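Note sheet for the following structure.
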Amino acid sequence: MLNGSFHDCRYQIHLTTQAASIFFFVGALAMLGCSSSSTTAEGTEASLHERYADYFAIGAAVDSTSYKDAHVPLLTKHFNSIVCENEMKWESLQPTEGVFDYTTADQIVAFAEANNMAVRGHCLVWHSQTPSWVFVDQSDAPVTKEILIDRMRNHITNVVTHFRGRVSAWDVVNEAITGNKEDGEDAGEDLSLVQSWGYRNSDWYKIGGEDYILEAFRAARAADPDAKLFYNDYWNYLDEKREAIISMIEKLKSENLIDGVGLQCHLNIEPAQEKLTNQTVHQTVENLENEIKAYAALGLEVHITELDVSMYTRDYGSSDESKWHRTEAELTDALKDKHATRYKEFFDMFRRNSELIGNVTFWGVADDNTWLSEFDSGRPDYPLLFDKQLKPKKAFYSVTDF
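Using the UniProt record's numbering, the letters of the sequence shown correspond one by one to residues 1 to 402.
Below is the structure:
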C-alpha cells in the first residue's frame, strides 16, 4: 500500500491508505507553470552529454582541484570531454627551461580516461602565460628568431609526444589575430581604436614573425599525426577578424596542418555591441552561425571551446561599466529566465549545425568556480549551467528540454 506525495513537472499524485481518497492532479507543464529546476529531484536531471549524444561532445574546463572535489559527480554525469583551464599551458608544464612538470596534467588526463572522457589540449602557444625566459637570453636581451622557434619546437614536441594518443585535439596557437591601433599595438577591448586586423604584436610575432605559427603546427603534427589540430580565438564573428584568420589558415591548409577552428564564445546575457571604428556589430546567434558556416566551408571542423554566458551586458569600446555591475541580490527570476533563453537560442543553433560542430565545451563546471567572477573588478558572475550549490539552473533545462 502506498502513502505520500509524488511530484514531477507534469503530474502531482497524492495517495493515502483509503482507496476513496486517491486524487490525481494532472496538468501540462505550461498550465501548471511548473519549472523543472524547482521540481526535479536532486540528481535526477537528464545527463547533458547523453542528451547531445546524437549531436556533438559536451566538455568542461577543469582546474587543479575540480577533477577531484565536489564537482566530480557533475563532471562524470554531464560531460564526456574535458580541457585543462591552465594546467597544460606553457607556464604550468615548463616554467623553467628544460624542466617539465606533468604532475597535475597527468592526473587530469588519467581522470578523463577513467571516466571515458575525451581530452582537448589547451594550449601550446599563446602570448599570455608563457614564461619570460622563452623570449630572452641570459642577459635578458631578446633571443634570435632561430632560438625562439627552436625553444617553441622543443616544447611542443615534448608536450604533444608526452600525451600522444591520449589528447584527441590540441589548441596549437591561441589568439594570434587581433585588432591593432594606428601604431601597430593591440587595441585591446577598445575596438573603436582598431585600424586594422592582423597578427598580434606579441613577443612571438616581434621575434618570430608569422612563421612561428606555421612552425608550431608543423611541430604538433609531427609529434602526433592522429591528434586534431586547432587554431583558437575570440570575437570570431567580426567579419574583418574572420578574414584575417582565414588568410592565416589558408597557409596552414596548404600543408594539411590544421583540422579545425576553436570559437571561444564568451557571451553576454544580451548581445554585446562591438563598437568598431566604422560599424557596430552585435554578438548575435546569427553572426555566430555565419561564422561556423564560414569555417566549415573551408573543410574545417568547428569546436565551441570556452562557452559561458555572463549575466552582464557590456558594450566593448565603452568606458561606462556602471550598467554591467550587478550584485548577487539582484539576481532575479526574470534575469535567470533571460539567461536561460540566451543559452537556449545558441544551443538551438548549435543543434541545427551539429554536422559542422564536433565539440561544445563550457569554460568551467559550475558558478562557484568561474574565471568571470575574478574578472573586471571581481564582481560575481553566474555564467554556467550549474549554480554555486552545484544544482542545475533554468539555463540547464533550457538546453536539455528539446
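Heads up, the beta-carbon is just placed ideally off N, CA and C, and yes, glycines get one too. Since we're looking at a predicted model, the values are computed, not measured.
Asked                                                                                                                                                       : Found
May I ask you to report which of helix, strand or coil DSSP gives Thr96?                                                                                    : strand
Helix, strand or coil for Lys77, going by three-state DSSP, please let me know.                                                                             : helix
Give a yes or no on contact between the segment 173 to 180 and the segment 223 to 234, applying the rule of three or more CB pairs nearer than 8 angstroms. : yes
Looking only at DSSP bridge pairs, what is Thr178 linked to?                                                                                                : Gly198
Take Gly98 as the anchor and find which of Thr157, Leu335 and Leu238 has the nearest alpha-carbon.                                                          : Thr157
For the pair the segment 129 to 148 and the segment 98 to 108, tell me if three or more CB-CB distances fall below 8 angstroms.                             : no
Can you tell me whether Ile22 is helix, strand or coil according to DSSP?                                                                                   : In this predicted model, Ile22 has a pLDDT of only 35, less than 50, meaning its place in the structure is not dependable; the value taken from the coordinates is given anyway. Looking at Ile22 - three-state DSSP - the assignment turns out to be coil, as it is neither helix nor strand.
Below 8 angstroms on the Cβ atoms is my guess for Val309 versus Leu267; work out the distance and round it to an integer in Å.                              : 5 angstroms
In chain order, what residues of the same chain lie with their CB nearer than 7 angstroms to the CB of Arg153, ignoring the 5 residues before and after it? : Glu215 and Ala219
With DSSP as the reference, label Asp348 as helix, strand or coil.                                                                                          : helix
Looking at C-alpha atoms only, which residue of Tyr102, Lys391 and Ala187 is the closest neighbour of Ser202?                                               : Ala187
How should Gln264 be labelled, buried or exposed, when 16 other C-beta atoms within 10 angstroms of its C-beta is the threshold for buried?                 : buried
Quick one: Cα of Val119 to Cα of Asn180, how far?                                                                                                           : 33 angstroms
In terms of residue numbering, what span does the alpha helix (DSSP H) encompassing Tyr231 cover?                                                           : It is not in any alpha helix (DSSP H) - Tyr231 instead sits in the beta strand (DSSP E) that spans Lys228 to Asp233.
Could you give the DSSP three-state label for Thr305: helix, strand or coil?                                                                                : strand
Determine the DSSP secondary structure at Thr284, reduced to helix, strand or coil.                                                                         : coil
Select from Ser196, Lys344 and Lys206 the residue whose C-alpha is nearest the C-alpha of Phe396.                                                           : Lys344
Following the continuous alpha helix (DSSP H) through Thr157, name the residue where it begins and the one where it ends.                                   : Lys145 to His162
Could you give the DSSP three-state label for Asn290: helix, strand or coil?                                                                                : helix
If I follow the unbroken alpha helix (DSSP H) through Ala244, where does it start and stop?                                                                 : Asp239 to Lys253
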